[in-house]
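Structure first, then comments.
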Amino acid sequence: MTSVAHAKPQGGGGGHDAHAPMSFWRKYIFSTDHKIIGIQFLFVSLFFLLVGGLLAMQIRWQLGFPGKPLPGGGILPETMVSGGVILPEYYVQLVSMHGTFMVFFAIMPLLVGVYANFLIPLKIGAHDMAFPRINMASFWLALLAGLIMTASFFVPNGPIRSGWTNYAPLAARPDLSGVTVGQMLWCISIVVLGLSSVLGSLNYITTVINHRAPGMTWFRMPLSVWALFITAILGVLALPVLQGAAIMLLFDNVLGTHFFDPVAGGQALLWQHLFWFFGHPEVYILILPAMGMVSDIIANGSRKPIFGYHSMVFAIIGIAFLGWIVWGHHMFMSGMNPTLGSTFMVSTLLIAVPSAIKVFNWLGTIWRGNIRFHVPMLNALGFVSMFTIGGLSGIFMAATPVDIPLHDTQFIVAHIHYVLFGGSLFALFAAITYWYPKMFGRMMSERIGKVHFWLTFIFYNMTFFPMHIIGMGGQMRRIYDPTIYTFLKPQQPLNVFISYSAFALFAVQILFAFNFLWSLKFGKKAPQNPWDDNGMEWSLPNPAPHGNWDRIPNVYRGPYEFSSPDAGSADFLPQNLKLPTDRDPVPATLPAGH
Amino acid sequence: MRWWLPDAGSTFAGPIDALFLAILIITGIALVLVEVGLVTFVIRYRGRPGRKAFYTHGSTRSEVIWTAIPAVTMVALGLISNHYWVLIKDKRSVPPNAYHLGVHAKQFEWQVTYPGPDEKLGTSDDFTVRNQLHVIVNQPFAVELTSEDVIHSFFVPEWRLKQDAVPGMHITAWFEATKTGEFELGCAELCGMGHYKMRARVFVHTPDEYKAWVAQQAAGGTE
Amino acid sequence: MNGRIFSVVGGMFLLTVCSKGNQSNAAPVAPPPAPAAAADIATAGGTITGKIKFTGTAPRNPAIDMSEEAACKAKYPTTPTEENVVSGPANALANVFVYVKSGVPAGQTFTAPTTPVVLDQNGCRYHPHVLGIMVGQPLEIQNSDPVLHNIKAIAKANRPFNVSQPGAGMKTSRTFSAPEVMVNLECNVHGWMHAYAGVRSDPFFAVSKPDGSFTISGLPPGTFTIEAWHEKFGTQTATVTIAGTESKTANFTFAAH
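Residue numbers (the numbering used here), protein chains in the order written: chain U, 341 to 934; chain S, 41 to 263; chain G, 7 to 263.
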């Protein structure tokens with residue numbers, strides 16, 4: 341199956357019949373079908389999500405019960421534990437790799453690798469991505485990067501110890517960090533992952549610009565596609581900066597350069613500027629697709645159009661644009677010129693505004709709706725409530741004087757997790773459940789999904805809300821034993837509470853894992869449009885066939901025409917459903933012969 | 041069990057805590073509005089047979105209102121915050137009468153250099169103490185932060201004081217302690233496996249206590 | 007369709023299973039330690055003995071303020087001092103590492119003992135302060151304090167290491183792969199803690215005792231250059247010829263500075 345073949349006019353049956361039957365390997369392993377690639381990303385990323393969670397459990401064990409032997413710790417080598425007790429160097433490796441795996445190999449690929457791939461061609465009415473083979477390469481590079489990163493656990497001295505942010509000079513000096521091969525592997529993995537992201541972004545951007553179906557104007561695209569499109573632009577511009585920084589760090593480690601080491605003319609702060617210039621757009625990469633998909637799901641659940649569609653689009657663009665000029669808010673205490681602190685404070689406070697606009701518009705969407713509480717809707721509403729807390733907590737740190745006591749404390753950790761878990765991960769629970777039927781042809785269990793949502797919501801808040809409090813109390817990040825400090829000892833009961841809540845939270849995820857895996861084989865067979873949704877993907881069978889449509893459909897309206905008067909007795913109106921009153925649109929730009 | 045910020049111990053704590061509280065109130069109001077709104081709508085507009093959703097694409101007026109109010113609030117917050125930010129961090133804000141101490145951070149200890157009885161830093165009667173910071177109450181002090189190896193961060197919670205110590209840089213951080221007693225200094229930037237143990241004790245003395253301590257150190261206390 | 011999905015799942019998991027095999031730098035921990043004298047191997051052979059002293063006034067060893075580590079401070083009835091110059095009666099000099107610098111016949115190999123040399127962290131000090139160890143012989147580092155120590159080995163010929171022991175009772179074992187005089191050992195949590203390890207590929211070394219005496223035994227016949235190393239006073243050499251099983255004397259006198 342070559343990419344050239346996709347451009348030719350399709351015969352009947354989704355394109356299969358026009359080609360010789362493919363081997364299992366070509367069809368499911370080395371596939372260029374965007375849907376298969378999305379599913380590949382899904383399985384691999386869920387695995388890394390599990391790995392990140394296991395690392396977190398060990399972190400919470402040490403923080404809740406410092407110096408107590410880890411249950412099952414005996415299987416770990418003596419470089420990591422001594423008599424079962426987590427060693428300080430292993431602890432900082434745990435926090436570093438938890439962050440690394442979760443950000444780069446779980447959340448980012450789950451949001452972008454899975455849903456940009458799976459949804460974009462379906463939702464804009466294309467047969468596949470613009471460059472299917474580059475798309476396939478993007479997945480295999482991401483997998484390779486994940487394996488390289490995992491390998492760092494198994495080399496002498498183990499993985500990095502300087503936090504997922506990997507600050508130099510600590511990260512640039514093996515004699516000071518104790519990390520040798522592990523640092524090289526981190527850098528190499530990041531470069532490979534960056535390449536994967538950039539290739540993916542090229543596909544998403546090109547496909548959205550060039551392969552929209554006739555009638556699919558820019559302002560008729562679902563917000564999920566808008567968000568994924570803008571995210572792709574962020575990715576293609578931001579990841580290369582990180583790749584450059586990682587290469588410089590690699591050179592400092594192995595070639596004897598001193599980019600980041602002042603000993604020979606380098607600058608310690610250079611790493612922070614480079615990393616955060618990437619890092620801030622990165623966190624918007626980690627939230628915008630979630631916001632986009634949540635918009636689709638909330639409109640569906642409310643049976644109403646999204647409130648303020650245009651504002652929502654401009655808010656996405658505004659967040660992405662402002663996201664380039666806020667990076668210094670990670671560096672308020674870094675020793676950079678305080679005047680920069682002032683300027684970054686202004687831009688950071690301003691970026692709260694488009695995020696607020698989005699939250700109000702989601703509320704406006706459910707206002708006077710006719711709400712269906714399906715599992716995706718529950719999780720999407722959970723997203724809104726938790727993201728609000730995460731976003732508001734950011735305002736404390738944006739105000740530079742207040743950042744002074746809060747920087748590098750657990751307050752920041754609480755903020756991060758409210759936006760990444762309370763935000764992105766709840767959005768992913770919603771999205772995975774919502775598009776599961778389109779991927780696998782079956783429904784996930786509604787009952788298990790509801791129990792999972794409520795238990796996760798409860799234990800999640802029990803785990804992460806108290807972190808705001810211990811952060812205010814002054815507990816620093818990445819410390820192996822808070823009880824060393826007299827002023828932190830009184831808060832230790834809260835650390836214990838958080839740890840127990842975290843263990844419960846992790847245990848509850850078994851429900852999701854079981855639901856996901858069991859439903860693959862035993863889930864109820866899905867009707868074609870189980871959520872009564874308007875998206876173009878729901879006019880295809882479940883699972884969608886290779887090449888998606890025989891003939892590209894026409895688009896007649898916007899994406900959220902729920903409860904439209906034109907819909908008659910139904911409360912939804914698919915984008916590509918032709919009503920007697922509709923006229924065929926002038927074809928959008930498509931390759932000749934398509 | 042501590043549920044709030046540490047007890048105020050410096051002149052910075054007043055404004056910072058007030059700003060913190062102001063933000064808490066503003067964000068608290070916003071949070072309550074959103075969450076109560078969410079829950080109210082979810083209950084009130086739950087799907088029931090025979091109902092239809094209200095078909096609307098939005099309201100420009102609403103957009104303007106809920107864009108303008110947050111924007112104005114953020115700008116105001118920024119202006120007020122910047123005033124204190126400059127006061128705390130700007131080099132020109134260091135009081136001319138501040139006592140200067142040298143604080144050299146290294147894996148995994150704080151080396152504090154005191155100017156000695158001649159009260160001048162950089163002379164032969166300076167002495168350095170490991171992991172002990174001694175200052176005078178109600179007297180501005182300035183620490184000259186340097187680092188031997190990697191980035192560390194000088195953090196005294198009660199003083200609401202935090203400043204990274206960066207190798208290759210010489211950074212001045214000033215403060216004025218307002219409460220006598222013993223406190224703690226921790227490192228607030230991951231600096232290696234001993235990061236958590238990079239703790240110093242902080243002593244805020246009356247002027248007489250301080251003089252006596254300096255004399256005792258210079259006479260042959262520890263090096 | 008679903009069978010194929012499972013094949014995809016299976017394929018993915020196969021591809022993402024990582025190899026087992028936890029690599030560790032440490033040699034296997036040796037059986038319960040006995041302080042090992044360096045020259046255990048020889049039963050026959052020549053001996054070099056001597057006494058080491060210094061002239062002049064011993065510089066004062068600075069006092070160590072352990073106030074920041076109460077658990078260690080409590081172990082001392084009087085203020086502990088650093089061990090830069092440890093002297094005995096009549097200006098005897100302890101902690102001098104004496105070894106055969108040259109003269110051992112080339113090609114002669116010596117098996118390292120399996121009994122470890124024990125380095126104990128007690129009262130936030132290293133015991134012993136200066137030690138000798140053979141290439142391949144285990145160095146067993148133990149923590150007798152209920153506080154975090156890290157042991158950082160700064161070495162040029164050997165691979166440096168840096169391990170932490172956050173609690174009492176923890177033990178870690180390391181070996182050296184090349185001769186090196188001296189490997190510096192330090193704790194970064196307690197900046198006054200220093201120890202020095204002289205790593206040799208033969209057993210012909212000793213550390214002078216508080217009375218300044220040392221003994222190197224089991225030497226084959228030959229002419230040897232022996233070097234005495236002191237952390238403050240530098241190095242001195244002497245040449246000694248051994249024939250048969252005789253005992254020769256080599257004294258060293260350092261000048262205090």
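For glycine and all other residues, C-beta sits at the position ideal for the given N, C-alpha and C.
- request: Just list the alpha helix (DSSP H) runs in the region 433-509 of chain U, keeping only unbroken ones of 4 residues or longer that don't cross its boundaries, in chain order.
  value: 455-464, 472-491
query: How would you label U:A770, buried or exposed, when you count the other beta carbons within 10 angstroms and need 16 or more for buried?
result: Locating residue 770 of chain U in the first sequence gives position 430, where the first residue counts as 1. With 16 or more Cβ atoms within 10 Å of its Cβ, U:A770 is classed as buried.
query: Contact check, U:N475 vs U:T372 under 8 Å by CB: the rounded distance?
result: To locate residue 475 of chain U, count along the first sequence from 1; it is residue 135. To locate residue 372 of chain U, count along the first sequence from 1; it is residue 32. That pair is a contact at about 6 Å.
message: Whether or not the region 651-661 of chain U and the region 693-700 of chain U are in contact is what I'm after, with contact meaning three or more pairs of Cβ atoms, one per stretch, closer than 8 Å; do they touch?
response: yes
query: From U:G731, U:I772, U:P741, pick the residue whose C-alpha is nearest to that of U:A754; which is it?
result: Indexing the first sequence from 1 puts residue 754 of chain U at position 414. Considering only alpha carbons, the answer is U:G731.
query: Does DSSP put U:T826 in a helix, a strand or coil?
result: In the first sequence, the residue the question calls residue 826 of chain U occupies position 486. U:T826: coil per DSSP, three-state reduction.
field: Cross-chain neighbours of U:G518 in chain G, by beta carbon under 7 Å
entry: Within the first sequence, residue 518 of chain U is the residue found at index 178, counting from 1. Under the 7 Å cutoff, chain G gives N168.
task: Measure the Cβ-Cβ separation of U:S904 and U:P893 and say whether it is below 8 Å.
output: Your numbering for residue 904 of chain U matches position 564 in the first sequence. Your numbering for residue 893 of chain U matches position 553 in the first sequence. The answer is no: Cβ separation not under 8 Å.
- prompt: Straight-line CA distance for G:T53 to G:V246?
  reply: Mapped onto the third sequence, residue 53 of chain G falls at position 47. Mapped onto the third sequence, residue 246 of chain G falls at position 240. Near 10 Å, if we compare the C-alpha coordinates of G:V246 and G:T53.
Cβ pair count under 8 Å reaching 3, the region 151-158 of chain G against the region 233-241 of chain S: yes
message: For G:G173, would you say it is in contact with chain U, using Cβ-to-Cβ distances shorter than 8 Å as the test?
response: Indexing the third sequence from 1 puts residue 173 of chain G at position 167. With 8 Å as the cut-off, G:G173 counts as an interface residue toward chain U.
- request: Work out the CA separation of U:W365 and S:A205 for me, nearest whole Å.
  value: By one-based count along the second sequence, residue 205 of chain S stands at place 165. By one-based count along the first sequence, residue 365 of chain U stands at place 25. So the two alpha carbons sit approximately 55 Å from each other.
- request: Give me whichever residues DSSP pairs with S:Y250 in a beta bridge.
  value: Within the second sequence, numbered from 1, the residue matching residue 250 of chain S stands at position 210. BP columns for S:Y250 are empty, so no partner.
field: Interface positions of the region 427-438 of chain U facing chain S (Cβ-Cβ less than 7 Å), listed along the chain
entry: P428, E429, V432
task: Measure the C-alpha to C-alpha separation of G:H200 and U:M673 and round it to an integer number of angstroms.
output: Counting from one through the third sequence, the residue named residue 200 of chain G turns up at place 194. Counting from one through the first sequence, the residue named residue 673 of chain U turns up at place 333. Each residue's Cα considered, the two are about 34 Å apart.
field: 7 Å Cβ cut-off: residues of chain G touching S:K237
entry: As a first step, residue 237 of chain S is located in the second sequence; it is residue number 197 there, counting from the start. The contacting residues are L154, V195.
field: Whole-angstrom C-beta distance between U:S642 and U:L563, which should lie under 8 Å
entry: For the purposes of this step, residue 563 of chain U is identified with residue 223 of the first sequence, where counting begins at 1. For the purposes of this step, residue 642 of chain U is identified with residue 302 of the first sequence, where counting begins at 1. U:L563 to U:S642, Cβ: 14 Å. No contact.
- prompt: How is U:Y544 classed by DSSP in three states: helix, strand or coil?
  reply: Translated into positions along the first sequence, residue 544 of chain U becomes position 204. Here U:Y544 sits in helix by DSSP.
- prompt: Does the beta carbon of S:R132 come closer than 8 Å to any beta carbon on chain G?
  reply: Here the question's residue 132 of chain S lines up with position 92 in the second sequence. False, the Cβ-Cβ gap to chain G never drops below 8 Å.
message: Suppose contacts are defined by Cβ-Cβ distances below 8 Å. Is S:I56 in contact with U:P745 by that definition?
response: Sequence index remark: in the second sequence, residue 56 of chain S carries index 16 (1-based). Sequence index remark: in the first sequence, residue 745 of chain U carries index 405 (1-based). Yes.
field: Interface residues of the region 729-746 of chain U facing chain S [CB-CB below 7 Å]
entry: I729, L732, I735, F736, A739, T740, P741, V742, I744, P745
query: Do the region 91-108 of chain S and the region 700-719 of chain U meet, that is, are 3 or more Cβ pairs less than 8 Å apart?
result: yes
- request: Flag this pair as yes or no: are the beta carbons of G:V195 and S:F148 separated by less than 8 Å?
  value: Position 189 of the third sequence, counted from the start, is the residue given in the question as residue 195 of chain G. Position 108 of the second sequence, counted from the start, is the residue given in the question as residue 148 of chain S. Yes, the Cβ-Cβ distance between G:V195 and S:F148 is below 8 Å.
query: G:E75: buried (16+ other C-beta within 10 angstroms of its C-beta) or exposed?
result: Locating residue 75 of chain G in the third sequence gives position 69, where the first residue counts as 1. Buried, by the Cβ-count rule.
task: Compare the C-alpha of S:R88 against each of U:H714, U:N710, U:L451 and name the closest.
output: Residue numbering aside, residue 88 of chain S sits at position 48 when the second sequence is read from its first letter. Comparing Cα positions, the closest option is U:N710.
query: Any beta-carbon of chain S closer than 8 Å to the one on G:S2?
result: Residue coverage of chain G in this structure runs from 7 to 263, which leaves residue 2 of chain G outside it and unanswerable.
task: Kindly confirm or deny that the region 780-799 of chain U and the region 819-826 of chain U touch, where touching means at least three C-beta pairs closer than 8 Å.
output: no
- prompt: Are there three or more Cβ pairs, one per stretch, closer than 8 Å when the region 830-849 of chain U is compared with the region 386-404 of chain U?
  reply: yes
message: Within a Cβ cutoff of 8 Å, which residues of the same chain sit near U:Q585, ignoring the five residues on either side of it in sequence?
response: The residue given as residue 585 of chain U occupies position 245 in the first sequence. At residue 585 of chain U the sequence reads Ala, which differs from the Gln that was named. Excluding residues within five positions, the ones whose Cβ falls inside 8 Å are W611, L614, F615, F618.
- request: Pull up the distance between the alpha-carbon of G:S73 and that of U:L828, whole angstroms please.
  value: Within the third sequence, numbered from 1, the residue matching residue 73 of chain G stands at position 67. Within the first sequence, numbered from 1, the residue matching residue 828 of chain U stands at position 488. For G:S73 and U:L828, the distance between alpha carbons rounds to 20 Å.
- request: Measure from the C-beta of S:G234 to each C-beta in chain G and report whether the shortest distance is under 8 Å.
  value: Working through the second sequence from its first residue, we reach residue 234 of chain S at position 194. S:G234 counts as touching chain G.
Proximity winner among U:F723, U:P883, U:A910, U:P509, relative to U:I638 (alpha-carbon distances): Along the first sequence, read from residue 1 onward, the residue named residue 638 of chain U stands at position 298. When each option's Cα is compared against that of U:I638, the closest is U:F723.
message: Quick check on the burial criterion: 16 or more other C-beta atoms within 10 angstroms. Buried or exposed for U:A767?
response: Within the first sequence, numbered from 1, the residue matching residue 767 of chain U stands at position 427. Classification for U:A767: buried.
- prompt: Just to confirm, are S:K202 and U:H467 a CB contact at a threshold of 8 Å?
  reply: Position 162 of the second sequence, counted from the first residue, corresponds to residue 202 of chain S. Position 127 of the first sequence, counted from the first residue, corresponds to residue 467 of chain U. No, Cβ-Cβ distance for S:K202 and U:H467 is not below 8 Å.
task: Confirm the yes/no value for this check: CB of G:V187, any heavy atom of the ligand SAM, distance under 7 Å.
output: In the structure shown, the ligand SAM is absent, as is every other ligand, since no ligand is present at all.
- prompt: Going by the CB atoms, is the gap between S:T168 and S:V152 shorter than 8 Å?
  reply: Along the second sequence, read from residue 1 onward, the residue named residue 152 of chain S stands at position 112. Along the second sequence, read from residue 1 onward, the residue named residue 168 of chain S stands at position 128. Yes, the pair counts as a contact, with Cβ atoms nearer than the cut-off.
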